[in-house]
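*Asks:* Pasting a structure below so you can have a look.
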Amino acid sequence: MGKIEEYTVKRDADRTDLKLNMGPQHPATHGVLRLELDLDGEIIRKCTPHIGYLHRGTEKLGEDRTYISALPLTDRLDYIASMNNNIGYCVAVEKLFGIEAPERAKYIRTMCAELGRISSHLLWLATHALDIGAMTVFLYAFRERAMIMEMFEKLTGARLTVSYPRIGGVRNDVTQEFIDRAHAFADEFPTHMEEYETLIDQNRIWLKRTKGIGIITADEAINWGLSGPMIRGSGIAYDIRKHEPYDAYKDVEFEVPIGTEGDVYDRYRVRMIELRQSALIIKQCVEKLPRGAILDPNAPKFTLPPKERVMTDMESLIHQFVLITKGPMTAQEGEVYVATELPKGEFGYYFVSDGSGKPYRMRLRAPSFVHASVLPLMCEGGLIADVIANIGTLDIVLGECDR
Amino acid sequence: MKALLETLISPGSFDIIINIGFIFGKIVIVVSVVMLAVALAPYFERKVIGHMQVRMGPMRVGPHGILQPIADALKLFFKEDIIPAESDKVIFFIAPVITMFGAMTSLAVIPWWKSFAVADINIGILFIFAMSSVGAYGIVMAGWASNSKFSFLGGLRASAQIISYEVAMGMSLVGVMLLSGSLNLSEIAAAQAGEGLFFFKNWYIFPQIIAAGVFFLSMLAETNRTPFDMPEAESELVAGYFTEYSGFRFSLFFVGEYIAMFVMAAIGVICFLGGWSGPGPSIVPLQLLWFVLKLCFVMFLFFWIRATVPRYRYDQLMAIGWKVLIPLALLNIVITATLKII
Numbered sequence: 083m084g085k086i087e088e089y090t091v092k093r094d095a096d097r098t099d100l101k102l103n104m105g106p107q108h109p110a111t112h113g114v115l116r117l118e119l120d121l122d123g124e125i126i127r128k129c130t131p132h133i134g135y136l137h138r139g140t141e142k143l144g145e146d147r148t149y150i151s152a153l154p155l156t157d158r159l160d161y162i163a164s165m166n167n168n169i170g171y172c173v174a175v176e177k178l179f180g181i182e183a184p185e186r187a188k189y190i191r192t193m194c195a196e197l198g199r200i201s202s203h204l205l206w207l208a209t210h211a212l213d214i215g216a217m218t219v220f221l222y223a224f225r226e227r228a229m230i231m232e233m234f235e236k237l238t239g240a241r242l243t244v245s246y247p248r249i250g251g252v253r254n255d256v257t258q259e260f261i262d263r264a265h266a267f268a269d270e271f272p273t274h275m276e277e278y279e280t281l282i283d284q285n286r287i288w289l290k291r292t293k294g295i296g297i298i299t300a301d302e303a304i305n306w307g308l309s310g311p312m313i314r315g316s317g318i319a320y321d322i323r324k325h326e327p328y329d330a331y332k333d334v335e336f337e338v339p340i341g342t343e344g345d346v347y348d349r350y351r352v353r354m355i356e357l358r359q360s361a362l363i364i365k366q367c368v369e370k371l372p373r374g375a376i377l378d379p380n381a382p383k384f385t386l387p388p389k390e391r392v393m394t395d396m397e398s399l400i401h402q403f404v405l406i407t408k409g410p411m412t413a414q415e416g417e418v419y420v421a422t423e424l425p426k427g428e429f430g431y432y433f434v435s436d437g438s439g440k441p442y443r444m445r446l447r448a449p450s451f452v453h454a455s456v457l458p459l460m461c462e463g464g465l466i467a468d469v470i471a472n473i474g475t476l477d478i479v480l481g482e483c484d485r
Numbered sequence: 149m150k151a152l153l154e155t156l157i158s159p160g161s162f163d164i165i166i167n168i169g170f171i172f173g174k175i176v177i178v179v180s181v182v183m184l185a186v187a188l189a190p191y192f193e194r195k196v197i198g199h200m201q202v203r204m205g206p207m208r209v210g211p212h213g214i215l216q217p218i219a220d221a222l223k224l225f226f227k228e229d230i231i232p233a234e235s236d237k238v239i240f241f242i243a244p245v246i247t248m249f250g251a252m253t254s255l256a257v258i259p260w261w262k263s264f265a266v267a268d269i270n271i272g273i274l275f276i277f278a279m280s281s282v283g284a285y286g287i288v289m290a291g292w293a294s295n296s297k298f299s300f301l302g303g304l305r306a307s308a309q310i311i312s313y314e315v316a317m318g319m320s321l322v323g324v325m326l327l328s329g330s331l332n333l334s335e336i337a338a339a340q341a342g343e344g345l346f347f348f349k350n351w352y353i354f355p356q357i358i359a360a361g362v363f364f365l366s367m368l369a370e371t372n373r374t375p376f377d378m379p380e381a382e383s384e385l386v387a388g389y390f391t392e393y394s395g396f397r398f399s400l401f402f403v404g405e406y407i408a409m410f411v412m413a414a415i416g417v418i419c420f421l422g423g424w425s426g427p428g429p430s431i432v433p434l435q436l437l438w439f440v441l442k443l444c445f446v447m448f449l450f451f452w453i454r455a456t457v458p459r460y461r462y463d464q465l466m467a468i469g470w471k472v473l474i475p476l477a478l479l480n481i482v483i484t485a486t487l488k489i490i
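Note that the protein sequences, when read in sequence, are chains B and Z.
In this text, residue positions in the first sequence follow our numbering: the first is 83, and each later residue adds one.
In this text, residue positions in the second sequence follow our numbering: the first is 149, and each later residue adds one.
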């Protein structure tokens, strides 16, 4: 009799048939995220995210560079929205040095940050829709994203890694052409939004794939430290742009959309409304754009003097020498933490300064890292197809997650 | 054996040889034409989807990219044939052949115009169902033999999906069989012939509208097309059952899939859209023209849907198959049978 029992298959809750390694090379893991899935058929019993495949030691590199030359490192964190990373970095360093960008620079930054947010959200929409199978949304969204890329190219010379803001302002003033294009883009963008929404917003398949999937309650969202659209989708109106306004956000009007259920569909709706709000912010920035300087009067301590002055003027030569070799030396000893609202969520820069031209410690609080940790909560008990929807809704970028 | 020999040396044996020759001729024509069409179908698909997605589709090889399929095929033929080390080699080799075989054999019974089919047999519909089931074997074998978990899951999904939707599909055609009183595809098409301005009044799509809907959805699932492309859902399972296949073996799967689409579209045209019937005189070139045009239209529907809708989840797909399509098909059978008796 014992033999029969031996061959009886026991189906208990934690039985797993198959261990599936999803990633790091997988079309839908958005970079190099690796998920270790314990499967029972197609049902996920356990999901373990593994990160670190794109670790470049940005924090450590930051300690070895002056405050000025660490700026391009931030481009490579969340490479989808490099403009927003740069701005966050500059706001943080400005606080450390006790300087402030002039009004015009603040408006330009706000405008560029919102363009970057639209660009990042469009990429999220494109890939999220493609993961769920809506192929056309992908290409529609990339069409508009290319317009933003071209605007950035005109303004900064780079499409992806812009390095445009400077400590105490921005690198160069916006041209009238850029302003016109930004305004025209903000004007026509809602009509493009309608095109995407026609395809997926009320689509039965889309609703079936996103409603009730990956639910995060408001309590869970707080406990896991979520931020950005992830926490707003769960019904908590937490937006740093509203609560601790930096740059020109206190002067522009916008709504902070929140969801009710905390599922994939709510987060989709939240981001879609954010896209519209961003277009509104851009419009307001263009209309209110003040005249004036684009760099703080103190900013010469952070920017290199022009080349001809270096060759003719002794102070400028010394100035350049010190800036290149030692960095800006006026930082107070102490520490500073500044968080800005990135498209992905709250991105914090934490500096410990010993008064030298380089930070003693540069710590980055990356929203993608926090959001990746909530993946098991969303996936366990669901199906493989839901993992894809959940990764899409997290909107993580592994460059930022691994730092 | 003796009987066979007697038949061969009997006075009528010459006719048999002629017949065999005719059939071979037909096979050569059908296979070569279909292979050419299969080469052009992905081009057609890429162009259609491209224009729907505000881009051009292939443009570089030849004028408007018309030679793209040839370039693709050449590239695939010269690719290295990678066989996974831990795979079950024999099954790995024969799986794409079986899929291809199932798809190609189905072509035999399709009447391209009146009285032109390679084999005009009386159980045409059943034959096609049988052959598409054979194709499912190829898929599940490929998934198993690759010894890859993604292939394995893809193969399992595909076999479950094809088996479930075959039921719905078979039942949706029962109404057509009842109306025409035949399983022969030529007779089904002939029963829908019409003349003059309202040449389409006899098409079965009107009395069998429910069946046509069920058939169309099952057709998408049967050929693993969007929104039912679960087995090869690239965002979930990389490439599903043919993840480990490369080069020529991959192209066998690819071609098999497109031929299966052709076959399913042809059945749809024959059973619901009147086969070769159309306006104008009933002559062979026109018959062929109408048939091909309708075929292209159904293929276009495949592509249109692919560019429009997202993908269902696996359990939702099964729920639609078993809880919606099969009951609808059964209901349709009951209605049709009742009306037929009255």
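Ideal placement from N, C-alpha and C gives every residue a C-beta, glycine not left out.
By the three-class DSSP mapping on this structure, what secondary structure does residue 90/B have?
*Replies:* Model confidence at residue 90/B stands at a pLDDT of 45, short of 50, so the residue's coordinates are unreliable; what they give is reported in the following sentence. Residue 90/B falls in the coil class under three-state DSSP.
*Asks:* What residues of chain Z sit near residue 124/B, judged by a beta carbon separation below 9 Å?
*Replies:* Per Cβ cutoff of 9 Å: 301, 304, 305, 462, 463.
*Asks:* When you check each C-beta in the region 433 to 455 of chain Z against every C-beta of chain B, which residues fall closer than 8 Å?
*Replies:* If the cut-off is 8 Å between Cβ atoms, the region 433 to 455 of chain Z has 454, 455 near chain B.
*Asks:* Report back the beta-carbon spacing between residue 183/B and residue 468/B to the nearest angstrom; my notes put them in contact at under 8 Å.
*Replies:* That pair is no contact at about 44 Å.
*Asks:* With DSSP as the reference, identify every bridge partner of residue 261/Z, one or two as the case may be.
*Replies:* Residue 261/Z pairs with 264/Z.
*Asks:* Report the residues of the region 188 to 209 of chain Z with a CB closer than 7 Å to any CB of chain B, ordered along the chain.
*Replies:* The residues in question are 200, 201, 202, 203.
*Asks:* Would you grab the beta carbon distance between residue 463/B and residue 126/B for me? Rounded to a whole angstrom, and I think it's under 8 Å.
*Replies:* Yes, residue 463/B and residue 126/B are in contact; Cβ-Cβ is about 7 Å, under 8 Å.
*Asks:* Are the CB atoms of residue 426/B and residue 310/B nearer to each other than 8 Å?
*Replies:* Yes, the Cβ-Cβ distance between residue 426/B and residue 310/B is below 8 Å.
*Asks:* Buried or exposed: where does residue 184/Z fall if 16 or more other Cβ atoms within 10 Å of its Cβ makes it buried?
*Replies:* Classification of residue 184/Z: exposed, given that the 10 Å Cβ count is below 16.
*Asks:* Take the Cβ of residue 151/Z as the centre, count every other Cβ of all protein chains shown within 10 Å, and call the residue buried at 16 or more, exposed below.
*Replies:* Residue 151/Z should be labelled exposed.
*Asks:* Report yes or no: do three or more beta-carbon pairs, one from the region 298 to 314 of chain B and one from the region 425 to 440 of chain B, lie closer than 8 Å?
*Replies:* At 8 Å Cβ cutoff, the stretches touch.
*Asks:* Are any of the Cβ atoms in chain Z nearer than 8 Å to that of residue 290/B?
*Replies:* Closer than 8 Å: yes.
*Asks:* Taking 8 Å as the CB-CB limit, is residue 288/Z close to chain B?
*Replies:* So no, residue 288/Z is outside the interface.
*Asks:* Once you ignore the five residues that flank residue 243/Z on each side, which residues in its own chain have a CB closer than 7 Å to its CB?
*Replies:* Same-chain partners within the cutoff: 286, 289, 290, 293.
*Asks:* Return the first residue and the last residue of the beta strand (DSSP E) that residue 101/B is part of.
*Replies:* Start and end: 100 to 104.
*Asks:* Quick check on the DSSP output: the alpha helix (DSSP H) that includes residue 228/Z runs from which residue to which?
*Replies:* That residue, residue 228/Z, is in no alpha helix (DSSP H); it is neither H nor E in DSSP.
*Asks:* So residue 297/Z contacts chain B; which residues on that side make the cut at Cβ distance below 7 Å?
*Replies:* Those are 100, 102, listed as they occur along chain B.
*Asks:* Could you tell me which residues DSSP puts in a beta bridge with residue 417/B?
*Replies:* Bridge partners of residue 417/B: 434/B.
*Asks:* Any residues in the region 223 to 234 of chain B with a beta carbon nearer than 9 Å to a beta carbon of chain D? Which ones, in chain order?
*Replies:* In the structure shown, chain D cannot be found, because the protein chains are B and Z.
*Asks:* Can you pull the DSSP bridge partners for residue 337/B?
*Replies:* Note: residue 337/B sits in no beta bridge, so no partner.
*Asks:* Just checking: is the beta-carbon of residue 467/B within a distance shorter than 8 Å of some beta-carbon in chain Z?
*Replies:* Yes, residue 467/B lies at the interface with chain Z (some Cβ there is under 8 Å from its Cβ).
*Asks:* Suppose you measure from the CA of residue 220/Z to the CA of residue 444/Z; what does that come to, to the nearest Å?
*Replies:* Each residue's alpha carbon lies about 22 Å from the other.
*Asks:* Among 137/B, 122/B, 145/B, which one has its Cα closest to the Cα of residue 442/B?
*Replies:* That would be 145/B, whose Cα lies nearest to the Cα of residue 442/B.
*Asks:* Are the CB atoms of residue 371/Z and residue 319/Z nearer to each other than 8 Å?
*Replies:* In this structure, residue 319/Z does not lie closer than 8 Å to residue 371/Z by Cβ.
*Asks:* Given this structure, state the Cα-to-Cα distance separating residue 297/B from residue 338/B, to the nearest angstrom.
*Replies:* Going by the C-alpha atoms only, they are around 20 Å apart.
*Asks:* Just to confirm my understanding: we take residue 391/Z, look at its own chain, exclude 5 residues before and 5 after, and list those with CB closer than 8 Å. What are they?
*Replies:* Cβ neighbours of residue 391/Z beyond the five flanking positions: 294, 296, 298, 299, 302, 385.
*Asks:* In three-state terms, what does DSSP make of residue 199/Z?
*Replies:* Looking at residue 199/Z - three-state DSSP - the assignment turns out to be helix.
*Asks:* Does residue 90/B pass the burial test, meaning 16 or more other C-beta atoms within 10 Å, or should it be called exposed?
*Replies:* For residue 90/B, the predicted model reports a pLDDT of 45, less than 50, meaning its position is unreliable and no value from the coordinates is stated.
*Asks:* Go through its chain and collect everything with a Cβ distance to residue 319/B's Cβ below 8 Å, but skip five positions before and after it.
*Replies:* Hits under 8 Å: 338, 340.
*Asks:* For a contact defined as C-beta to C-beta under 8 Å, what are the partners of residue 458/Z on chain B?
*Replies:* Those within 8 Å of residue 458/Z in chain B are 211, 214, 215, 216, 282, 285, 287, 288, 291.
*Asks:* Contact criterion: CB-CB distance below 8 Å. Does residue 374/Z meet it with respect to chain B?
*Replies:* Yes, because at least one Cβ of chain B sits closer than 8 Å to the Cβ of residue 374/Z.
*Asks:* Kindly indicate which three-state DSSP category residue 85/B falls into: helix, strand or coil?
*Replies:* Any answer about residue 85/B is weak, because its pLDDT of 47 lies below 50 and its placement is not dependable; what the coordinates show is given next. Residue state, collapsed to three classes: helix.
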